[in-house]
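Taking it in order: structure first as structure tokens, then the write-up.
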Amino acid sequence: MYDGIDSQEYDGDVTISNYYKTYINNIRKNGGDIILSFGGASNEPIEAPISDVKKIVDIYLKAIANYGLTLIDFEGGFLGHIDALDRHIAAITEVIKAKPDIKISYTLPVDGAPGLMGFNGNGTTFLKKLHDAGITPSLVNGMSMEFGQGSNANLFECARLSLEGDAANDTDGSKKGAIKQLSEIWTNLTPKELYAMTGLCTMFGKHLNGKVNTVADQREINKYFVGDKGLGNVSGWDASIDSDPAKGGGGYNVGDYSKAVADYNPELLGSHVVADVH
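Numbering-wise (UniProt numbering), the sequence shown opens with residue 1 and increments by one.
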């Protein structure tokens, strides 16, 4: 288990653990809720080491029961592991049968560079597998990592291109953007439904390549994607950067990014929207 705050990792079993329950209960008492995310850069999914799909299903169902979850997320750190992906889809199909009201989201890398706007090949392949299995996620959260070489110096513009692409200059299909890619898979969804199905998770502060996602950029994302566009989710990573301005290159106060993310107002959309910080 990784706490997302001070980079500490802890041994634990999510099916029986009381880890963070006091914190979670306080959130729920104040009208909020939590999404438990599986996977990520520091962890492999249980589908990688475990080949028994029934055992995988049992673990997920016990974790859902233990934390009273209504939403679960999977971060796509295992997109290149085809066997694990197939086991995941088989397991999630059974989880949905057992818990038809559960909302499932996927956090997958997106880019906004000239050579690639949207999900990479592994990402689109996985999304097609989900669709072909009859699974429509409640949310596909685009996680903007290090924007590639030649990308715009304005990180808001990079984030926008990662989702909406650059159709006017898309001569080879590499500049579609995530929403267009989703529309080619879930062809039955309207543009409004596709935006509601899509999220954006940007990195806070200064990137390793020297580019900076400022608090102003984060607020510009809110302004652009709220209202008629109705993006389903705005979030960011990570909390350790938000709590330590020196780590993010300075120029902001503790909590500024979290406040900007929280300003993405669900009431303006007329539907349920989640704002969170990874």
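Glycine included, C-beta positions come from ideal geometry on N, C-alpha and C.
Treat the numbers as computed from the prediction; the structure is a model and nothing was measured.
Return the first residue and the last residue of the alpha helix (DSSP H) that N222 is part of.
-> Looking at the DSSP string, the run of the alpha helix (DSSP H) that includes N222 is 215 to 225.
Should E75 be labelled buried (16 or more other beta-carbon atoms within 10 Å of its own) or exposed?
-> E75 comes out buried.
May I have the straight-line CA-CA distance separating I82 from G210, to the nearest angstrom?
-> Near 34 Å, if we compare the C-alpha coordinates of G210 and I82.
Thinking just about the alpha-carbon of each residue, which of F78, F156, A260 is nearest to the one in F126?
-> Per the Cα distances, F78.
Any 3 or more C-beta pairs closer than 8 Å across the segment 188 to 204 and the segment 137 to 144 = Flag = yes, the segment 188 to 204 and the segment 137 to 144 touch.
A178 and G150 look like a contact to me (Cβ under 8 Å); what is the Cβ gap, rounded to whole Å?
-> So it is not a contact: roughly 19 Å between Cβ atoms.
Counting only the same chain and skipping the five closest in sequence on each side, list residues whose C-beta sits under 7 Å from that of T15.
-> Non-local C-beta neighbours of T15 in its own chain, meaning closer than 7 Å and more than five positions away in sequence, comprise I59, K62, A63, N66, ordered along the chain.
In angstroms with no decimal places, state the Cα-to-Cα distance between I89 and A168.
-> Near 35 Å, if we compare the C-alpha coordinates of A168 and I89.
Cβ shell of L182 (< 6 Å), same chain only, five flanking positions each side left out = Its chain contains L194 as the residues whose beta carbon lies nearer than 6 Å to that of L182, once the 5 sequence neighbours on both sides are disregarded; these appear in chain order.
Between which two residues does the beta strand (DSSP E) containing V110 stretch?
-> In the DSSP assignment, V110 falls within the beta strand (DSSP E) that extends over 103 to 113.
Relative to the C-alpha of E184, which residue among D132, A91, N154, N213 is closest?
-> D132 is the residue among D132, A91, N154, N213 whose C-alpha sits nearest the C-alpha of E184.
Scan the segment 236 to 260 and note each continuous beta strand (DSSP E) run of 3 residues or more that stays entirely inside, going in chain order.
-> For the segment 236 to 260, not a single whole beta strand (DSSP E) run of length 3 or above is found.
Using three-state DSSP, classify V273 as helix, strand or coil.
-> With a pLDDT of only 39 at V273, under the threshold of 50, the placement of this residue in the model should not be trusted; the figure read from the coordinates follows. In the displayed model, V273 falls within coil according to three-state DSSP, outside both helix and strand.
Taking the C-alpha atoms as reference points, what is the distance between M117 and D33?
-> Computed Cα separation, rounded: 32 Å.
From what residue to what residue does the beta strand (DSSP E) around I72 run?
-> Per DSSP, I72 is one residue of the beta strand (DSSP E) stretching across 71 to 75.
Contact the segment 154 to 173 vs the segment 202 to 217: 3+ CB pairs below 8 Å | Yes, since at least three Cβ pairs between the segment 154 to 173 and the segment 202 to 217 fall closer than 8 Å, the two stretches touch.
State buried or exposed for R160, treating a residue as buried only when at least 16 other CB atoms are found within 10 Å of its CB.
-> Classification for R160: buried.
Using beta-carbon positions only, say whether D13 and S37 come within less than 7 Å of one another.
-> In this structure, S37 does not lie closer than 7 Å to D13 by Cβ.
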